[in-house]
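Contents: one structure, followed by commentary.
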């Protein structure tokens with residue numbers, strides 16, 4: 004089961020060469036890229052973040068994010084979550100050992116909050132090999148019927164003990180973006196607002212912002228991406244701040260920190 008990767012995230016949408024489409028009764032912008040035409044998530048939509056486990060969405064929900072191993076929801080706009088920069092718990096054995104980031108002593112560099120080894124994107128060869136595996140997951144999302152990809156941990160360089168750079172993160176994500184577009188999938192920026200200005204160069208289409216209300220960052224997202232922002236909060240105070248300042252602009256949802264499935268003891272879902 005996937006877990007929320009980070010408390011702080013972002014969602015950006017780049018409407019270049021826009022046309023119109025309808026998903027689940029909602030008017031949506033399409034973005035024409037050099038590779039393909041991809042359908043962007045509807046803005047100001049009712050959203051449900053389900054990366055901790057799939058369940059029937061509440062009535063009225065138009066956009067759902069689920070883990071890559073789950074099936075999409077028929078008739079809705081579906082975003083496929085992939086852990087693109089770190090190793091999902093229990094999956095370390097599925098990676099070649101040299102693709103895991105190690106420090107000078109040979110020890111794995113771990114995201115301590117989630118117990119996830121970081122992937123080593125320092126060389127072009129390793130970026131290509133890692134992307135080959137992740138692009139296989141993207142192919143699986145496309146085959147299942149998802150419309151977009153949410154590649155998590157773009158900001159892994161901030162947890163790398165200065166072993167990874169922003170340039171390496173952008174170069175790697177650019178490879179994933181090109182592949183997603185070739186499969187007619189939109190691709191979002193997760194968190195990492197400091198790199199939002201590079202979204203067009205990287206090839207990103209939208210952004211998912213965790214706790215921008217809590218950390219007073221929603222304005223940065225709205226300034227950069229307009230209405231094309233999905234906000235996920237994990238506290239009442241964060242949701243209230245986001246709703247008070249931006250309730251009629253981005254999509255806003257509060258979930259519990261574990262993103263629990265509906266019906267479980269810790270489940271929380273609130274909106275503006």
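Residue numbers (this note's numbering): 4 to 275. Think of the CB as a built atom: it goes at the ideal place given N, C-alpha and C, for glycine as much as any other residue.
Discussion item. When you compare the stretch 214 to 226 with the stretch 245 to 262, are there three or more beta-carbon pairs, one atom per stretch, that lie closer than 8 Å?
Written reply: Cβ pair count under 8 Å is three or more, so yes.
Fill in: Counted within 10 angstroms of its Cβ, other Cβ atoms place residue 183 as buried (16 or more) or exposed
Buried: at least 16 other Cβ atoms inside 10 Å.
Discussion item. So if DSSP puts residue 80 in a beta bridge, which residue, or which two residues, is it bridged to?
Written reply: Checking the DSSP bridge columns, you'll see residue 80 partnered with 66.
Worksheet item: Does the beta-carbon of residue 164 have 16 or more other beta-carbons within 10 angstroms, so that it is buried, or is it exposed?
Response: exposed
Worksheet entry | Residue closest to residue 76, alpha-carbon to alpha-carbon, out of 61, 134, 87, 89 | Of the candidates 61, 134, 87, 89, the residue whose Cα lies closest to the Cα of residue 76 is 61.
Worksheet item: By a C-beta neighbour count over all protein chains shown, 10 Å radius and 16 as the cutoff for buried, is residue 257 buried or exposed?
Response: buried
Practice prompt. For residue 40, name the three-state secondary structure that DSSP assigns.
Written response: strand
Item to complete: Kindly list the residues whose CB is nearer than 6 Å to the CB of residue 69, restricted to its own chain and excluding five residues on each side of it in sequence; keep chain order.
Response: Counting only Cβ-Cβ distances below 6 Å, and skipping sequence neighbours, we find 53, 57.
Fill in: C-alpha distance - residue 3 paired with residue 206, whole-angstrom precision
Not covered by the structure: residue 3. The range shown for the chain is 4 to 275.
Worksheet item: Quick one: what does DSSP say residue 273 is sitting in, helix, strand or coil?
Response: strand
Discussion item. Please return the same chain residues whose Cβ sits closer than 6 Å to the Cβ of residue 86, not counting the five positions on each side in sequence.
Written reply: 155
Practice prompt. Please say whether residue 220 and residue 191 have beta carbons closer to each other than 7 Å?
Written response: no
Practice prompt. Mark residue 255 as exposed unless 16 or more other C-beta atoms lie within 10 angstroms of its C-beta, in which case mark it buried.
Written response: Counting Cβ neighbours within 10 Å, residue 255 comes out buried, since at least 16 surround it.
Discussion item. Mapping the DSSP letters down to three states, classify residue 263 as helix, strand or coil.
Written reply: coil
Discussion item. Let me make sure I understand the geometry here. Which of 119, 159, 88 has the alpha-carbon closest to that of residue 138?
Written reply: 88
Discussion item. Looking at residue 159: is its Cβ nearer than 7 Å to the Cβ of residue 111?
Written reply: No, the pair does not count as a contact, with Cβ atoms beyond the cut-off.
Worksheet item: According to DSSP, is residue 249 helix, strand or coil?
Response: The answer is helix: DSSP assigns residue 249 an H, G or I state.
Discussion item. Measuring straight from C-alpha to C-alpha, what distance separates residue 36 and residue 208?
Written reply: The pLDDT assigned to residue 36 is 46, lower than 50, so where the model puts this residue is not dependable, and the model offers no usable value.
Item to complete: Could you tell me how far apart the beta carbons of residue 211 and residue 235 are, in whole angstroms, since I believe they sit closer than 8 Å?
Response: The beta-carbon separation of residue 211 and residue 235, rounded to 7 Å, stays under the 8 Å limit for a contact.
Fill in: Inter-residue spacing [alpha-carbon to alpha-carbon] between residue 117 and residue 91
9 Å
Discussion item. Please classify residue 55 as buried or exposed, where buried requires at least 16 neighbouring CB atoms within 10 angstroms.
Written reply: buried
Discussion item. Only counting the same chain, and skipping five residues up and downstream in sequence, which positions put a Cβ closer than 6 Å to that of residue 150?
Written reply: 42, 80, 81
Item to complete: Tell me whether residue 154 sits in a helix, a strand or coil according to DSSP, three-state version.
Response: strand
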